[in-house]
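In this note's numbering, the protein residues as written are 2 to 781.
Read through the structure below, which is laid out as structure tokens, and then see the notes.
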């Protein structure tokens with residue numbers, strides 16, 4: 002026999018159509034955005050990983066001072082590798098090259114590659130590969146930055162070349178000019194491919210003798226790969242000079258994308274589950290209001306023999322239907338429309354092969370299955386509590402459990418103000434619900450507004466905390482000479498400054514420390530600084546003293562405090578060093594540990610005079626074969642620009658979500674207040690009050706409550722945001738401390754009030770529709 006209660010479901014949904022449409026809009030939008038993001042992120046990661054085999058990406062590469070002859074190549078290959086010539090040429094392009102003037106502020110370098118057939122294959126993105134010596138195919142991302150289109154002409158070394166297509170070079174998925182740069186910038190560096198005959202005919206630039214290789218033993222462990230690397234370098238050094246060597250996993254141009262992909266997934270998942278909690282809260286409000294209005298009906302049904310679990314299932318049905326329908330529609334929109342926007346977040350930063358969407362079961366589970374289950378659990382627990390009353394209590398509408406409270410004595414205000422206060426006190430539970438809803442909505446809005454400001458603050462802190470204009474990391478100790486790139490007048494002007502801060506030696510080691518929040522090790526930079534350093538002034542490191550100083554950002558990220566012990570793991574020597582934290586030092590350039598150079602040398606097994614770096618305010622001339630990397634202020638700016646580019650679009654996504662959540666919550670929660678006072682409003686009309694007067698009494702009391710709630714919840718939002726931010730950037734290098742500009746507090750209040758006034762206009766019409774006859778229908 003069919004359940005008669007099922008016949009009420011269409012009427013129930015139709016009766017509360019406005020509420021359920023609002024909920025559907027919010028859920029479908031959030032699920033569409035989050036599922037589109039997760040699908041795009043995982044698809045891009047899938048494409049990146051598949052490309053290693055598809056494009057036969059190298060296991061490593063090296064640069065030699067001179068080209069290798071056949072005898073030298075055969076000797077190297079006896080170590081257990083297959084070597085391929087992978088030469089390139091670098092050219093500086095003119096200022097007029099770029100159509101995007103903002104992108105051409107710095108010098109632009111274009112790296113010319115030859116046609117590849119065996120290793121590091123090139124993927125064609127659009128157009129065609131060059132078929133003549135005057136054709137050239139540019140990296141897609143580099144071309145987009147500079148506003149270049151297929152068919153355009155560019156000048157290289159005094160000769161014009163026609164753009165035939167756009168490419169993605171498999172060993173340049175991140176456009177790092179040098180393997181060891183801390184950050185890439187696609188506006189200042191790009192790659193291009195020309196025909197082999199054209200490559201050989203290029204003049205005016207020395208050929209870079211770059212070789213790529215594959216290990217013959219594909220099952221080599223990391224330790225085995227490192228040992229092979231030592232053998233390879235030793236073999237090359239017999240007849241040549243190794244200028245640069247790197248395994249693929251240490252080559253930023255290859256490995257950076259794999260390490261970076263997914264760093265923003267925790268932020269979206271955290272946001273999703275916060276919104277699920279909000280949805281559970283909204284459904285509880287809707288169900289609670291429905292039960293209150295239908296209390297006599299529920300009492301009658303219980304008295305007629307219906308069981309409580311049958312009524313619980315009945316009232317859970319509308320949320321289940323709306324949730325499931327929202328999930329299906331959201332995923333459909335996410336897979337078809339949103340995913341194309343979201344993929345731009347990755348393809349706007351990285352040079353990846355052509356995009357294809359892959360089915361993502363985890364995304365469906367996260368955005369649809371888990372939310373629906375959580376909402377059902379939340380609603381079930383809420384209904385279970387509500388249904389604990391007896392049939393008689395439902396029939397009498399005794400849902401609160403406590404009666405007979407004395408009215409609050411109000412101050413001697415005007416009648417209308419006392420009436421408004423009385424409305425607020427009589428509906429305090431509803432206004433409390435409205436307060437909680439505004440807290441959730443303003444929290445999400447603050448999230449959307451603070452992403453860019455937090456990243457900008459991080460970027461400024463990194464640049465402002467730089468201790469030297471140049472930081473040289475060496476492969477081995479080496480001497481230097483200063484580059485004389487200044488005029489005689491400039492030399493005299495800066496002579497005093499340079500003489501005060503001569504280049505200073507330091508020891509650098511990359512180690513790891515356990516990050517409890519992420520459940521994994523993170524990389525930290527360990528600096529051995531000389532005592533009384535001119536660059537790290539005020540850093541009290543001393544020789545023959547045990548203990549370390551942590552950068553302020555590392556201390557906060559690890560949740561440590563002065564006096565604690567930090568464990569530093571040296572992955573190259575498989576050793577762990579436990580050191581006491583003596584204090585902190587303000588340095589945002591990296592997650593850093595500081596100790597004396599002598600003490601660090603002792604830890605890593607070097608003599609006391611060893612060093613492998615220089616701090617300098619002047620550019621130094623150091624033999625290329627000894628230079629591992631050079632970090633400049635421009636590199637620091639690249640870091641900020643790239644983080645902002647990859648994370649910046651999230652601001653608009655979260656901002657859109659927050660506005661929708663604001664509208665939905667304001668509409669649903671204020672509608673509950675109006676509906677609960679519908680009879681009182683009807684009586685006021687009987688007593689002769691006009692709609693304008695009723696609006697001033699009821700809607701103004703809601704307006705004041707909304708305004709006060711927006712202001713009062715700001716400190717709560719700030720506290721919660723500062724905690725959530727730790728999870729948002731959990732996979733990001735560095736420490737991102739929550740920061741919001743003072744004027745943005747005003748923006749949150751303003752946006753909240755504007756959305757409320759939009760909803761307020763709908764409620765004015767609703768009050769107009771309340772009839773005087775409703776008061777006469779009351780039987781109580």
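Each residue gets a CB set at the ideal place from its N, CA and C atoms; glycine is no exception.
Taking residue i and residue j to be in contact with their CB atoms under 8 Å, please state how far apart those CB atoms are, rounded to whole angstroms.
i	j	result
residue 373	residue 328	6 Å
residue 301	residue 32	38 Å between Cβ atoms; not a contact.
residue 137	residue 195	5 Å
residue 478	residue 602	Not quite, the Cβ-Cβ distance comes to about 11 Å (not below 8 Å), so this is no contact.
residue 522	residue 516	7 Å
residue 552	residue 588	4 Å
residue 81	residue 143	About 36 Å separates the two Cβ atoms, so there is no contact after all.
residue 453	residue 740	Not quite, the Cβ-Cβ distance comes to about 10 Å (not below 8 Å), so this is no contact.
residue 52	residue 354	5 Å
residue 471	residue 620	6 Å
residue 677	residue 431	6 Å
residue 164	residue 139	6 Å
Can you have a look at residue i and say buried or exposed, based on whether 16 or more other CB atoms are within 10 angstroms of its CB?
i	result
residue 315	buried
residue 563	exposed
residue 572	exposed
residue 609	exposed
residue 765	exposed
residue 773	exposed
residue 397	exposed
residue 448	buried
residue 492	Only weak support is given to the placement of residue 492: the predicted model assigns it a pLDDT of 40, under 50, and the value that follows is read from those uncertain coordinates. The residue is exposed, with fewer than 16 neighbouring Cβ atoms inside 10 Å.
residue 11	exposed
residue 357	exposed
residue 105	Reliability fails at residue 105, whose pLDDT of 46 lies under 50, so the model's placement of it is uncertain and the value that follows must be treated cautiously. Buried: at least 16 other Cβ atoms inside 10 Å.
residue 518	exposed
residue 102	For residue 102, the predicted structure reports a pLDDT of 45, less than 50, and the residue's modelled location is therefore unreliable. A value from the coordinates is still provided. Flag for residue 102 reads exposed.
residue 252	buried
residue 417	exposed
residue 653	exposed
residue 599	buried
residue 486	Because the pLDDT at residue 486 is just 48, under 50, the model does not fix this residue reliably, and the value given afterwards should be weighed accordingly. With fewer than 16 Cβ atoms within 10 Å of its Cβ, residue 486 is classed as exposed.
residue 37	buried
residue 148	exposed
residue 8	exposed
Please identify the residue among the options whose C-alpha is closest to the C-alpha of residue i.
i	options	result
residue 611	342, 722 and 475	475
residue 760	667, 770, 718 and 727	667
residue 767	91, 720 and 695	695
residue 718	249, 605 and 438	438
residue 558	520, 703 and 312	520
residue 385	310, 514 and 410	310
residue 582	596, 549 and 574	549
residue 661	535, 241 and 441	441
residue 15	216, 319 and 85	319
residue 424	92, 704, 713 and 715	704
residue 709	415, 299 and 436	436
residue 317	746, 700 and 6	6
residue 1	530, 348, 451 and 755	No information on residue 1 is available, as it lies outside the stretch 2 to 781 that the chain covers here.
residue 1	376, 618, 686 and 622	Look at the range of the chain in this structure, 2 to 781, and you will see that residue 1 is not part of it.
With a Cβ-Cβ cutoff of 8 Å, do residue i and residue j count as a contact?
i	j	result
residue 616	residue 483	no
residue 651	residue 268	yes
residue 577	residue 568	yes
residue 566	residue 547	no
residue 135	residue 162	yes
residue 257	residue 169	no
residue 213	residue 78	no
residue 554	residue 757	no
residue 362	residue 247	no
residue 57	residue 153	no
residue 749	residue 433	no
residue 443	residue 711	yes
residue 254	residue 141	no
residue 113	residue 185	no
Do the segment 253-269 and the segment 27-47 meet, that is, are 3 or more Cβ pairs less than 8 Å apart?
yes
For the segment 342-349 against the segment 387-394, do three or more pairs of beta-carbon atoms, one drawn from each stretch, fall closer than 8 Å, so that the two count as touching?
no
Quick one: any contact between the segment 360-369 and the segment 64-72, if contact means 3 or more CB pairs under 8 Å?
no
Stretch-stretch touch, CB-based, cutoff 8 Å, three pairs: the segment 10-29 with the segment 282-290
yes
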